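Chains as they are written, first to last, in the numbering used here: chain C, 72 to 402; chain E, 72 to 402.
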């Protein structure tokens, strides 16, 4: 059976990244690293949905500018988000005169966009692209759980949808290379608790990690960091425990974007951050710059997504999940 | 400025297609061509959403079987649909042990999947993939307009969301080649009428067609058919009129999947069919077999999608649209 890992022969580069966040993310441990933020999470708009679109717009503009390319040199935009019909992406993208592919992977969208964009650039189908995603706490809560005005109590396993957008320009320039991609499978282990996304997503991360290390020449200790985004406290513990049962030890170098974005002691975010924007802003503001500077050499980024629909949960359905893997290297 | 048309050097093939439809589609002009149908549109399931997933499941299984490949030989599934969080795709895909990329392009999803899948196969990033999409009249009406039980009156410009799923295996075997792809841009002309998708989508089709013929060596009469999917009566008229104003005459060879699927005189579908499944089943059951047999030599397929969200329309937003182009050839 052939190796499912896609090895990118031309090793496309991440030429630039850019991050836009809300006030809570700005107050968190990575606060100083973000490029833009809004004090009231509205970004000058009158609805949360428009605010989310505005974040994507700023992130794409910022990333393209930082890459040194002009807008007309970007061949493709890859965008998606958590909102129904990926609508914050659609509205943001109408501002650009660039072909657009809509993608959907819930919170795995950042990794899906990076992986897919890198595959298309590697093959010279396109020369460069920009991958972007976003989430907004207020638009997500209203859509997936309760209106904010209701003041619903959150359970300890609930994750906090990050307010933020991260964009990445992929092309031929830069020090951070995308060397391998492994797309995830949709895994459904029967989890039905809308307030425990970590438990729903951990099995998909395990599936992808096991497939990767079964087929890769690398072992976990080859990587400076193995970064999941975003399992939170609950899902991260499940992941590490079950991987040990599979003979894979990632306890030393595992990090989770949901745990990095907020301060568990000082910020009331329960099981940690989540949402498309969570891993996008952590990767854009913290990890990519550290790869760029050489502080990190090899990073395995695992974007996890709960493909969860309130409608089908009301009908008794469970929550399928997916995890896409991207190997980033500055060696 | 470089040519935005992606020319596929290795010309990947559509190895197999398979279609599953509801009772109204079965009673339409193309009824005899479809592979499977359900008398009551439920496909043995107890919700419309599960019925839609079941259609996708059957379409993927049917297409893979017809391609002569085994499931483990398919490197990637590309799937998306109209439901919130693309959930009919997510549930269908959990039945397959194949990596999955979620895509979103509303009714353009069939063209997005075909185009993207062909790009990935052309570059040998993968050897083969299966692209699938679906829509269901009952799940869509409930989500986008009114519950069926309400018995809402439809306007003359309203299109009828098709109940159907079409799947396509792309690989190295077959007579139908994918020779060119042109991804669309998100175009927003300010249309806010949820019952006039044709008017919202026509400008995106115009943008893509003008970009294609501006950069292609071919003229419209090179193509046996120029097939939009699915502008319906309203959008098709707008398209042909405005293209004439741009000096492009497609009146002789234009067809629209929304007009082909139903009989306007005998079936009460107002402005014609729409939905991800509409173009997918017309392409899978009618066009691909005619390319396979040599009856058609060159087809330009333009998948149009209204990136429409009820939430943002309630907030006064308009409807962005997109149109992806795929050039199919059996020469």
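Just so it is clear, CB atoms sit at the ideal spot from N, CA and C, and this is done for glycine as well.
Quick caveat: nothing in here was measured; it's all calculated off a predicted structure.
Item to check | Span separating the alpha-carbon of residue 262 of chain C from that of residue 333 of chain E | outcome: Distance between the alpha carbons of residue 262 of chain C and residue 333 of chain E: 41 Å.
Item to check | CB of residue 85 of chain E within 7 Å of CB of residue 235 of chain E, strictly | outcome: Cβ distance not < 7 Å, so residue 85 of chain E and residue 235 of chain E don't count as in contact.
Checklist entry - Across which residues does DSSP place residue 343 of chain E in a beta bridge pair? => result Under DSSP, residue 343 of chain E takes part in no beta bridge, so it has no partner.
Item to check | Chain-order list of residues whose beta-carbon lies under 6 Å from that of residue 202 of chain E (same chain, five-residue window excluded) | outcome: These residues qualify, in order along the chain: 149, 184, 185, 188 and 239.
Item to check | Where the alpha helix (DSSP H) through residue 289 of chain C begins and ends | outcome: Annotation: residue 289 of chain C is outside any alpha helix (DSSP H) and is labelled neither H nor E by DSSP.
Checklist entry - In the DSSP assignment, what residue or residues form a beta bridge with residue 85 of chain C? => result In the DSSP assignment, the residues bridged to residue 85 of chain C are C:241 and C:247.
Checklist entry - Say the cut is 6 Å; is the CB of residue 255 of chain E nearer than that to a heavy atom of the ligand MN? => result The ligand MN is absent from the structure shown, which contains no ligands of any kind.
Item to check | Cβ-based burial, residue 366 of chain E [other Cβ within 10 Å; buried from 16] | outcome: Its Cβ having fewer than 16 others within 10 Å, residue 366 of chain E is exposed.
Checklist entry - Is the Cβ-Cβ distance between residue 314 of chain C and residue 375 of chain C less than 7 Å? => result The criterion of a C-beta distance shorter than 7 Å is not satisfied by residue 314 of chain C and residue 375 of chain C.
Checklist entry - Quick one: is residue 86 of chain C near chain E, going by C-beta distance under 7 Å? => result No, residue 86 of chain C does not count as interfacial toward chain E.
Next on the checklist: Closer than 8 Å is the cut-off here; do at least three beta carbon pairs connect the segment 77-84 of chain E with the segment 330-347 of chain C?
Outcome noted: Touching, no.
Checklist entry - What's the C-alpha gap between residue 390 of chain C and residue 384 of chain C? => result Going by the C-alpha atoms only, they are around 8 Å apart.
Checklist entry - Among E:75, E:116 and E:96, which residue has its Cα nearest to the Cα of residue 335 of chain E? => result Ranking E:75, E:116 and E:96 by Cα distance to residue 335 of chain E puts E:96 first.
Item to check | Same chain, Cβ closer than 7 Å to residue 275 of chain E, five either side skipped, listed in chain order | outcome: Scanning its chain for C-beta atoms nearer than 7 Å, with the 5 sequence neighbours on each side dropped, one finds around residue 275 of chain E the residues 255, 258, 375, 392, 393 and 394, in chain order.
Checklist entry - Within the 7 Å Cβ cut-off, does residue 324 of chain C reach chain E? => result Answer no: the Cβ-Cβ gap between residue 324 of chain C and chain E never drops below 7 Å.
Checklist entry - Which value, in whole angstroms, describes the spacing of the CA atoms of residue 130 of chain C and residue 89 of chain C? => result Rounded to the nearest angstrom, the two C-alpha atoms are 5 Å apart.
Checklist entry - What first and last residue would you give for the alpha helix (DSSP H) that runs through residue 311 of chain E? => result Its alpha helix (DSSP H) spans residues 303-316.
Checklist entry - What's the C-alpha gap between residue 138 of chain E and residue 356 of chain E? => result One Cα belongs to residue 138 of chain E, the other to residue 356 of chain E, and the distance between them is close to 15 Å.
Checklist entry - Closest by CA to residue 248 of chain E, which one among E:226, E:168 and E:372? => result Selected option, being the one with the closest Cα: E:372.
Next on the checklist: Just list the residues that DSSP pairs residue 323 of chain E with in beta bridges.
Outcome noted: Looking at the DSSP assignment, residue 323 of chain E forms no beta bridge with any residue, so it has no partner.
Item to check | Simplified DSSP state of residue 98 of chain E, which is helix, strand or coil | outcome: Three-state result, residue 98 of chain E: coil.
Next on the checklist: Which residues in chain E have a C-beta closer than 8 Å to the C-beta of residue 386 of chain C? List them in chain order.
Outcome noted: Proximity of chain E to residue 386 of chain C at the Cβ level (cut-off 8 Å) is accounted for by 118, 120 and 121, in chain order.
Item to check | Proximity test, Cβ basis, 7 Å: residue 173 of chain C and chain E | outcome: Closer than 7 Å to some Cβ of chain E, the Cβ of residue 173 of chain C qualifies, so yes.
Checklist entry - Hey, out of C:166, C:399 and C:231, whose CA is closest to residue 268 of chain C's CA? => result It is C:231 whose Cα lies nearest to the Cα of residue 268 of chain C.
Checklist entry - Count the other CB atoms within 10 Å of the CB of residue 125 of chain E; is the residue buried (16 or more) or exposed (fewer)? => result So residue 125 of chain E ends up on the buried side.
Checklist entry - Looking only at DSSP bridge pairs, what is residue 281 of chain C linked to? => result None; residue 281 of chain C has no bridge partner.
Checklist entry - So residue 147 of chain E packs on residue 197 of chain E, CB below 8 Å; how close in whole Å? => result Rounded to whole angstroms, the Cβ separation of residue 147 of chain E and residue 197 of chain E is 5 Å, and the two are in contact under 8 Å.
Next on the checklist: Let me make sure I understand the geometry here. Which of E:92, E:73 and E:264 has the alpha-carbon closest to that of residue 227 of chain E?
Outcome noted: Minimum Cα distance to residue 227 of chain E is reached at E:264.
Checklist entry - Near residue 161 of chain C, which residues of its chain fall below 6 Å by C-beta distance, leaving aside the five closest residues on each side in sequence? => result Closer than 6 Å at Cβ, skipping near neighbours: no residue.
Checklist entry - By Cβ distance, which residues of its chain are closer than 7 Å to residue 116 of chain C, with the 5 residues on each side in sequence left out? => result So the qualifying residues of the chain are 122 and 125.
Checklist entry - Which word fits residue 217 of chain E, buried or exposed, when buried means at least 16 other C-beta atoms lie within 10 angstroms of its C-beta? => result With fewer than 16 other CB atoms across the displayed protein chains lying within 10 angstroms of its CB, residue 217 of chain E is exposed.
Item to check | Inter-residue Cα distance where the pair is residue 378 of chain E and residue 353 of chain E | outcome: One C-alpha to the other measures close to 21 Å.
Next on the checklist: Beta carbons nearer than 7 Å to chain E: which residues of the segment 201-220 of chain C have them?
Outcome noted: The residues in question: there are none.
Next on the checklist: DSSP three-state label for residue 296 of chain C, please.
Outcome noted: Correct three-state label for residue 296 of chain C: strand.
Checklist entry - Assuming residue 253 of chain E and residue 77 of chain E make a contact with CB atoms under 8 Å, what is their CB distance in whole Å? => result Right, the Cβ-Cβ distance comes to about 7 Å (below 8 Å), so this counts as a contact.
Checklist entry - Alpha carbon to alpha carbon, how far is residue 174 of chain E from residue 105 of chain C? => result For residue 174 of chain E and residue 105 of chain C, the distance between alpha carbons rounds to 29 Å.
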